[in-house]
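Peer 1:
Numbering (the numbering used here), first residue to last: 48 to 295.
1. Taking DSSP as the reference, what is the three-state secondary structure of residue 270?
2. On a Cα-Cα basis, can you pick out the residue from 126, 289, 122, 212 that is closest to residue 236?
3. Can you grab the Cα-Cα spacing for the pair residue 248 / residue 279, in whole Å?
4. What whole-angstrom Cβ distance do residue 222 and residue 124 have, given they're in contact under 8 Å?
5. Could you give the first and the last residue of the continuous alpha helix (DSSP H) run that contains residue 122?
6. To the nearest angstrom, how far is the alpha carbon of residue 213 from that of residue 130?
7. Run the CB neighbour count on residue 220, radius 10 Å, all protein chains shown included, and call it buried at 16 or more, exposed below.
8. Applying the 10 Å Cβ sphere with the 16-neighbour rule, what's the burial state of residue 234?
9. Determine the closest residue to residue 117 out of 217, 78, 281, 231, with distance taken between C-alpha atoms.
10. Assuming residue 271 contacts residue 258 under a Cβ cut-off of 8 Å, what Cβ separation, rounded to an integer in Å, is found between them?
11. Does any heavy atom of the ligand PLP sit closer than 8 Å to the C-beta of residue 265?
12. Hey, could you find the ends of the alpha helix (DSSP H) residue 109 is sitting in?
13. To the nearest whole angstrom, what separates the beta carbons of residue 254 and residue 241, a pair I think is in contact under 8 Å?
14. Hey, residue 250 and residue 281 are a contact pair by Cβ (cut 8 Å); roughly how many whole angstroms apart?
15. Could you give the C-beta distance for residue 127 and residue 218, rounded to a whole number, given that I count them as a contact under 8 Å?
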């Protein structure tokens, strides 16, 4: 019996190890997240109707005719933008000159001379008329660009031209943005002022009614004071809006 005990103990331990390795819990399956794979707007927007904002001109971006008129006037009368345009012309001319330096320059000449020799200088004592021609082809000083010096100058001039063009474009975008922001801010102030005026008028009308009710004894003094407070609040809001509009 004692000899068989280790065998039974080994079997029990082995069985316990096998059972411990078996899990009765179900295999975890990650649920599908309730998130749409595509944006809902993609169902209604076709590829043909999509337009890249970068390719839009400012007239297409701001369809308001009054705003377009203001932007056009600003572009035509802005001195900074005029300076940028002149700088572009100068940079373009410099780039053309530098690009021409990379090629040799040739200079051609042609001449014709007519002369009459004296009769005493000829064998037959007869005057002879002679014509001479001269053709010349010269090449001005030309540097073989072995080490890329001329090309570097050309690239530098091109970079200067492109940077100047970008500066003009940046100035134009900034000017258009400033005009649009000022225009939209002005329209926003106008709408807010109209709304504040309507609220103030409504509060004044309510105060008149509250005062009439108080005078005939239909309401207490507390109701009149509340209505008066609302009028003062509306008046302060309207005055604050006017001050903000003047400072903008």
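Positions of the beta carbon are idealized from the N, C-alpha and C atoms, including for glycine.
Peer 2: Let's see:
1. Note: residue 270 maps to helix in three-state DSSP.
2. Taking only the C-alpha atoms, the option nearest residue 236 is 289.
3. 12 Å
4. About 10 Å separates the two Cβ atoms, so there is no contact after all.
5. 112-124 is the span of the alpha helix (DSSP H), which, as asked, contains residue 122.
6. Those two C-alpha atoms are separated by around 13 Å.
7. exposed
8. Flag for residue 234 reads exposed.
9. 231
10. 6 Å
11. In terms of ligand content, the structure shown is empty, and the ligand PLP therefore cannot be addressed.
12. No alpha helix (DSSP H) contains residue 109, which DSSP labels as neither H nor E.
13. About 21 Å separates the CB atoms of residue 254 and residue 241; that is not less than 8 Å, and the two are not in contact.
14. 4 Å
15. Indeed, because the Cβ distance is near 6 Å, the residues count as touching under 8 Å.
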